[in-house]
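Colleague:
Number of protein chains: 2
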Amino acid sequence: MADHQPRVVIIGGGFAGLEVARALGGAPARVTLIDRQNHHLFIPLLYQVATAALSASEVVAPLRQVLKRHNNIEVMLGEVTGIDPAERVVLLANGHVPYDILVVATGSGQSYFGHDDWAEYAPGLKTVEDARTIRGRLLAAFEQAETTTDEAAQRRLMTAVVVGGGPTGVEMAGAIAGLARQTLKGEFRRIRPETARIVLVEAGSRLLAAFPESLAEKVRAQLEGLGVEVRTGCMVEHVDEQGVQAGGELIPAATIVWGAGVAASPAARWLGVEPGRGGTVPVDRNLRVAGFEDVYALGDTALCQGRRDQPLPQLAQVAKQQGKYLGRALRRQVEGRRWPGPFRFIHYGNMATVGRHAAVADFGWWRTSGTLAWMLWGLVHVYLLVGFRNRLMATIQWLWHYLTGQRGVRLIPADIAARSAASAKVAPAAEATNPALRLVGRPRRAA
Amino acid sequence: MADHQPRVVIIGGGFAGLEVARALGGAPARVTLIDRQNHHLFIPLLYQVATAALSASEVVAPLRQVLKRHNNIEVMLGEVTGIDPAERVVLLANGHVPYDILVVATGSGQSYFGHDDWAEYAPGLKTVEDARTIRGRLLAAFEQAETTTDEAAQRRLMTAVVVGGGPTGVEMAGAIAGLARQTLKGEFRRIRPETARIVLVEAGSRLLAAFPESLAEKVRAQLEGLGVEVRTGCMVEHVDEQGVQAGGELIPAATIVWGAGVAASPAARWLGVEPGRGGTVPVDRNLRVAGFEDVYALGDTALCQGRRDQPLPQLAQVAKQQGKYLGRALRRQVEGRRWPGPFRFIHYGNMATVGRHAAVADFGWWRTSGTLAWMLWGLVHVYLLVGFRNRLMATIQWLWHYLTGQRGVRLIPADIAARSAASAKVAPAAEATNPALRLVGRPRRAA
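What follows is the structure, given as structure tokens:
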């Protein structure tokens with residue numbers, strides 16, 4: 002009877018949680034996947050949504066649709082507020098769900114290193130809303146720059162600062178450069194978008210700390226070739242609506258993107274365990290949370306030791322592999338078979354792309370950069386996208402973008418457009434330079 | 002010298018305004034197109050965004066990109082607050098733009114017949130935000146229905162009411178039926194989305210007043226075949242968050258869409274003219290506003306007499322034809338040539354689609370319904386979409402949707418998802434029916 006099957010509750014439908022659920026499809030267990038969104042989100046491509054190259058719909062997949070054919074799995078839209086391990090229930094905003102086996106895959110958020118007030122001015126790249134906000138700010142800033150003639154204000158509007166020299170920051174800075182220098186070029190009458198200033202700020206001594214130094218140097222050169230100012234060894238001291246203060250200098254900027262700190266979800270607090278680095282939940286090599294028999298954590302939420310006792314990095318490929326491993330292991334368990342050996346991470350490589358024909362790839366045994374790396378990057382990311390439709394649409398968007406330089410998704414959300422439109426100081430400042438906006442006494446009549 | 006060229010200011014980048022601007026590309030005039038959005042919006046397909054079939058990016062086109070190659074045209078993101086005809090300036094929220102020739106193409110909004118407080122519960126279909134709100138509410142309602150076991154609440158969550166039996170209402174009702182009965186079918190474990198109740202309410206005696214009665218009857222049969230309750234001669238009396246009261250009956254509904262009344266923009270007030278029906282600006286057959294020499298109005302904003310002194314309907318094809326006419330006429334004027342004859346509307350026909358293989362088309366000399374009308378509808382709408390990329394993407398989405406029944410854009414905006422997740426009353430009500438949610442004392446352990 003289904004009623005006697007163990008109840009597996011998975012919190013989070015990201016890379017880790019979704020893989021666990023998939024692996025349990027058809028297993029003798031009742032599986033409930035809880036997420037506060039109705040969709041899985043392909044976060045590594047979110048920066049392309051933020052720069053108008055992809056539509057949000059191309060980087061999401063409805064969880065229900067992905068898991069539709071597995072009758073033993075149910076999806077629940079819910080906001081988890083806590084866990085009661087004694088009673089074995091997950092607490093929701095307005096209810097609770099009992100479990101026999103609990104899988105915590107709640108991912109990570111942005112860390113502002115104690116300056117949470119910076120979040121308003123410097124959104125990270127974790128949700129569809131983050132991406133839409135950044136896209137709106139970027140595009141609205143160029144619109145406002147077009148109608149203002151206050152040179153300092155214009156300069157600020159045409160400056161974007163990206164904080165963090167990891168893959169997210171590097172890809173974001175490159176994509177903003179592409180947007181300004183390629184897509185928007187020639188579409189304005191009073192500003193030249195290709196002169197936009199893009200600054201990439203990194204506190205560490207070099208970009209892409211996880212990559213070999215030679216490739217990091219190549220990326221730096223590629224970014225500088227696109228006109229991005231790369232500032233390594235430069236610490237952010239303050240962020241507000243005017244811009245970023247970093248390395249003692251104020252950089253006035255209308256668009257600020259935060260790609261620096263990663264903070265784990267509140268899962269450690271929920272479970273009452275001593276958090277590891279960045280708020281993570283320490284787990285053993287079976288991904289089991291210390292002190293619990295049937296609670297597992299994985300992905301960005303978990304602190305898991307890899308080879309030479311180094312903690313595994315917070316990467317999509319770690320989350321995915323852990324999800325597959327744990328799903329299969331739990332499947333064996335509920336089928337009454339032996340738990341497999343401990344989790345082993347296989348590092349397939351790192352990739353980062355900066356722009357057209359500009360990327361780096363590190364497979365350990367082989368490193369490459371330039372066009373080949375860029376093409377590999379595209380292939381791998383299309384392959385990884387969940388759902389054939391998303392692969393197809395993203396491929397077409399990219400081909401289109403490549404062939405025409407146009408970006409398909411240049412939508413400014415209404416609230417940002419309204420603020421922008423209202424703040425456009427068109428006259429009298431504009432009179433000086435723009436004939437169409439000049440107002441000298443009573444206008445002449447048409448001939 | 003460019004400075005002596007007349008200044009043409011166009012307010013609004015919809016079907017009418019965009020055509021005027023295009024026709025003036027390269028003309029001896031300095032053209033400024035002002036819009037409060039950075040994009041043109043293909044409103045006739047917005048209901049497909051609201052029902053997750055198309056992505057918002059597929060029904061918008063960035064105004065700058067569309068007009069890029071015309072160096073005499075500039076695009077301005079701005080919120081018009083008024084017009085000063087004596088000084089010949091358009092007033093913006095934070096400035097002003099002088100004109101020699103003014104073209105008012107500000108479109109229309111929803112009219113709630115004096116009940117503006119209904120707007121919150123029953124959004125119309127005029128903006129991308131409207132469509133995203135409706136999509137979010139529709140999808141979130143099914144999510145909430147899945148987790149509640151209060152039968153009355155579940156019934157309300159699985160009910161959608163569409164107000165207005167014109168093309169918008171008919172297409173919307175049909176699309177919601179398709180979403181529930183086709184796309185979402187089989188994805189839930191405790192509700193059957195295909196049993197959703199969809200009610201189409203129309204105050205008049207029949208649907209599609211602009212179509213021949215025989216086709217309106219066909220559409221009614223097509224809708225009823227999809228399980229839509231069609232209520233004609235039924236007046237809406239009240240709308241609130243609980244639902245709609247219509248024809249003396251309260252219909253509890255979580256999703257309400259307003260496709261009934263159309264109200265023109267505040268252009269008549271700006272110009273200080275006596276408004277026509279629905280707040281429109283009366284114009285002569287040259288589209289000139291009475292009492293002004295160089296102010297024109299067209300599209301939904303304008304009240305223009307057609308044949309037999311019948312006012313022209315507020316349709317995209319009227320706006321487009323007027324825009325082409327006025328753009329060419331103004332071009333002749335600024336080139337010093339003669340103004341052409343008066344505007345003549347050529348009615349190419351009406352179409353409405355209800356769902357797969359279900360549509361009607363009326364070309365006056367020929368009427369058809371069913372699969373052929375549906376295919377024609379698709380062809381015509383792909384052809385009309387602005388921009389080759391949008392045509393391509395929409396075609397692929399439609400083919401995909403047709404072949405698989407899946408919809409690509411099932412995104413619930415975060416704010417709606419959060420409200421929905423927080424209000425999901427999972428327990429104890431859910432305990433009664435859902436084994437996964439049952440909590441009986443201390444849960445059994447897994448075997």
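Line by line, the protein sequences give chains A and B. Residue numbering for the first sequence follows my numbering, starting at 2 and increasing by one per position. Residue numbering for the second sequence follows my numbering, starting at 2 and increasing by one per position. Cβ coordinates follow ideal geometry from the N, Cα and C atoms, glycine included. A quick note: this is a predicted structure, and the numbers were derived from the prediction, not measured.
(1) I want to verify the contact list: residues of chain A whose CB lies under 7 Å from the CB of B:Asn39, in sequence order.
(2) Within the present structure, is the beta-carbon of B:Met173 separated from the nearest heavy atom of the ligand HEM by less than 8 Å?
(3) Do A:Arg136 and B:Gln66 have their beta-carbon atoms positioned less than 9 Å apart in this structure?
(4) Classify A:Trp340: buried if its beta carbon has 16 or more other beta carbons within 10 angstroms, exposed otherwise.
(5) Could you pull the start and end residues of the beta strand (DSSP E) that A:Gly259 belongs to?
(6) Can you name, in chain order, every residue of its own chain whose Cβ lies under 7 Å from the Cβ of A:Ala298, other than the five neighbours on each side?
(7) Within 10 angstroms of the Cβ of A:Trp367, are there 16 or more other Cβ atoms? Answer buried if so, exposed if not.
(8) Is B:Glu238 helix, strand or coil by DSSP?
(9) What residues in the stretch 92-115 of chain B have a beta carbon less than 8 Å from any beta carbon of chain A?
(10) Decide if A:Ser58 is buried, meaning its Cβ has at least 16 other Cβ atoms within 10 Å, or exposed.
(11) Is the beta carbon of A:Gly110 less than 9 Å from the beta carbon of A:Gly300?
(12) Going by DSSP, what residue range makes up the alpha helix (DSSP H) through A:Asp117?
(13) Please report whether the beta-carbon of A:Leu440 lies at a distance below 9 Å from any beta-carbon of chain B.
(14) Classify A:Asn72 as buried or exposed, calling it buried when 16 or more other Cβ atoms lie within 10 Å of its own Cβ.
(15) Listed in chain order, which residues of the stretch 170-200 of chain A have Cβ atoms closer than 9 Å to some Cβ of chain B?
(16) Taking the alpha-carbon of B:Ala181 as reference, which of B:Val220, B:Val162, B:Leu140 and B:Val202 has the nearest alpha-carbon?
(17) Note down, in chain order, every chain A residue with its Cβ under 8 Å from the Cβ of B:Lys69.
(18) List, in order along the chain, the chain A residues whose C-beta lies closer than 7 Å to that of B:Pro63?
(19) How many angstroms separate the CA atom of B:Ala161 from the CA atom of B:Ala360?
(20) Within this structure, are the beta carbons of A:Ile199 and A:Gly234 separated by less than 9 Å?
(21) Provide the residue span of the beta strand (DSSP E) that contains A:Ser109, from first to last.
(22) Run through chain B and tell me which residues come within less than 7 Å of A:Ala57, C-beta to C-beta.
(23) From what residue to what residue does the beta strand (DSSP E) around A:Asp151 run?
(24) Exposed or buried, which one is A:Ala292 when buried takes at least 16 other CB atoms within 10 Å?
(25) Exposed or buried, which one is B:Ser215 when buried takes at least 16 other CB atoms within 10 Å?
(26) Measuring only between beta-carbons, confirm whether B:Val129 sits less than 9 Å from chain A.
(27) With 9 Å as the threshold, decide whether the Cβ of A:Met159 is near any Cβ in chain C.
(28) Give a yes or no on contact between the stretch 386-399 of chain A and the stretch 390-400 of chain B, applying the rule of three or more CB pairs nearer than 8 Å.
(29) Whose C-beta lies closer than 7 Å to the C-beta of B:Gln322 among residues of the same chain, with five residues either side of it excluded?
(30) So A:Pro63 is in the beta strand (DSSP E); what residue range does that whole segment cover?
(31) Does the Cβ-Cβ distance between B:Leu92 and B:Val81 come in under 9 Å?
(32) When you compare only the Cα positions, how much space is there between A:Pro276 and A:Thr302?
(33) Which one of A:Val245, A:Gln318 and A:Phe344 has the shortest CA to CA distance from A:Arg329?
(34) Please report the distance separating the alpha-carbon of A:Asp151 from that of A:Ser266.
(35) With B:Gly168 as the anchor, note down where its alpha helix (DSSP H) starts and where it stops.
(36) Quick check on A:Asp36: buried or exposed, where buried means 16 or more other Cβ atoms within 10 Å of its Cβ?
Modeller: Short version:
(1) The count along the second sequence starts at 1 and reaches residue 39 of chain B at position 38. What B:Asn39 touches in chain A: Leu140, Glu144, Arg411, Ile413 and Ala418.
(2) As presented, the structure is devoid of all ligands, the ligand HEM included, so that no description of it is given.
(3) Taking the second sequence and counting its residues from 1, one reaches residue 66 of chain B at position 65. Taking the first sequence and counting its residues from 1, one reaches residue 136 of chain A at position 135. It is not a contact, given that the beta carbons lie outside the stated cut-off.
(4) Position 339 of the first sequence holds residue 340 of chain A. Burial state of A:Trp340 is exposed, judged by a 10 Å Cβ sphere holding fewer than 16 other Cβ atoms.
(5) Sequence index remark: in the first sequence, residue 259 of chain A carries index 258 (1-based). Looking at the sequence itself, residue 259 of chain A is Trp, so the reference to Gly does not match. Its beta strand (DSSP E) spans residues Thr256 to Trp259.
(6) Here residue 298 of chain A refers to the residue found at position 297 of the first sequence. Val105, Ala268, Val282, Val284, Leu288 and Val290, listed in sequence order.
(7) On the first sequence, residue 367 of chain A is found 366 positions in, with the first residue counted as 1. So A:Trp367 ends up on the exposed side.
(8) The residue given as residue 238 of chain B occupies position 237 in the second sequence. Taken through DSSP and simplified to helix, strand or coil, B:Glu238 comes out as strand.
(9) Leu93, Ala94, Asn95, Gly96, His97, Val98, Pro99, Tyr100, Asp101 and Ile102
(10) The sequence position of residue 58 of chain A within the first sequence is 57, counting from 1. So A:Ser58 counts as buried.
(11) Taking the first sequence and counting its residues from 1, the one referred to as residue 110 of chain A is at position 109. Taking the first sequence and counting its residues from 1, the one referred to as residue 300 of chain A is at position 299. Their beta carbons are not under 9 Å apart, which means A:Gly110 does not touch A:Gly300 by this criterion.
(12) Along the first sequence, one-based indexing puts residue 117 of chain A at 116. Note, A:Asp117: premise wrong, no alpha helix (DSSP H); not H, not E.
(13) Translated into the one-based positions of the first sequence, residue 440 of chain A becomes position 439. Summary for A:Leu440: the model assigns pLDDT 32, below 50, so the residue's position carries little reliability; its value from the coordinates is reported in the next sentence. It does: the Cβ of A:Leu440 has a partner Cβ on chain B nearer than 9 Å.
(14) By one-based count along the first sequence, residue 72 of chain A stands at place 71. Per the 10 Å Cβ criterion, exposed.
(15) Thr184, Leu185, Gly187, Glu188, Phe189, Arg190 and Arg191
(16) Counted from its first residue, the second sequence places residue 181 of chain B at position 180. Here the closest residue by C-alpha is B:Leu140.
(17) Residue mapping note: residue 69 of chain B aligns to position 68 of the second sequence, counting from 1. Going along chain A in sequence order, the residues near B:Lys69 (Cβ under 8 Å) are Gly187 and Glu188.
(18) Start at 1 with the first residue of the second sequence, and residue 63 of chain B comes out as number 62. Those within 7 Å of B:Pro63 in chain A are Arg411.
(19) Stepping through the second sequence from its first residue, residue 161 of chain B is reached at position 160. Stepping through the second sequence from its first residue, residue 360 of chain B is reached at position 359. The alpha-carbon atoms of B:Ala161 and B:Ala360 are separated by roughly 21 Å.
(20) Position 198 of the first sequence, counting from 1, holds the residue named residue 199 of chain A. Position 233 of the first sequence, counting from 1, holds the residue named residue 234 of chain A. Going by C-beta atoms, A:Ile199 is not nearer than 9 Å to A:Gly234.
(21) Against the first sequence, residue 109 of chain A aligns to sequence position 108. That run of the beta strand (DSSP E) goes Ser109 to Ser112.
(22) As a first step, residue 57 of chain A must be located in the first sequence, where it is residue number 56. What A:Ala57 touches in chain B, judged by beta-carbon distance under 7 Å, is Leu412, going in chain order.
(23) Position 150 of the first sequence, counted from the first residue, corresponds to residue 151 of chain A. Where A:Asp151 is concerned, there is no enclosing beta strand (DSSP E), given that its DSSP letter is neither H nor E.
(24) Here residue 292 of chain A refers to the residue found at position 291 of the first sequence. A small correction: the amino acid at residue 292 of chain A is Gly; Ala does not occupy that position in the sequence shown. Classification for A:Gly292: exposed.
(25) As a first step, residue 215 of chain B must be located in the second sequence, where it is residue number 214. Classification of B:Ser215: exposed, given that the 10 Å Cβ count is below 16.
(26) Locating residue 129 of chain B in the second sequence gives position 128, where the first residue counts as 1. Output row for B:Val129: interface = yes.
(27) Chain labels in this structure do not include chain C; the protein chains are A and B.
(28) yes
(29) Walking along the second sequence from the start, residue 322 of chain B turns up at place 321. Hits under 7 Å: Phe346 and Ile347.
(30) Sequence index remark: in the first sequence, residue 63 of chain A carries index 62 (1-based). DSSP places A:Pro63 inside the beta strand (DSSP E), whose first and last residues are Val61 to Pro63.
(31) Taking the first residue of the second sequence as 1, we reach residue 92 of chain B at position 91. Taking the first residue of the second sequence as 1, we reach residue 81 of chain B at position 80. Cβ atoms of B:Leu92 and B:Val81: closer than 9 Å.
(32) As a working mapping, residue 276 of chain A is identified with position 275 in the first sequence. As a working mapping, residue 302 of chain A is identified with position 301 in the first sequence. Distance between the alpha carbons of A:Pro276 and A:Thr302 is about 10 Å.
(33) By 1-based counting over the first sequence, the position of residue 329 of chain A is 328. Checked all of A:Val245, A:Gln318 and A:Phe344; the closest Cα to A:Arg329 is A:Phe344.
(34) By 1-based counting over the first sequence, the position of residue 151 of chain A is 150. By 1-based counting over the first sequence, the position of residue 266 of chain A is 265. Approximately 43 Å between the Cα atoms of the pair.
(35) Counting from 1 along the second sequence, the entry for residue 168 of chain B is found at position 167. The sequence as given places Pro at residue 168 of chain B; Gly does not occur at that position. Segment Pro168 to Gly179, the alpha helix (DSSP H) holding B:Pro168.
(36) Your numbering for residue 36 of chain A matches position 35 in the first sequence. Result: buried.
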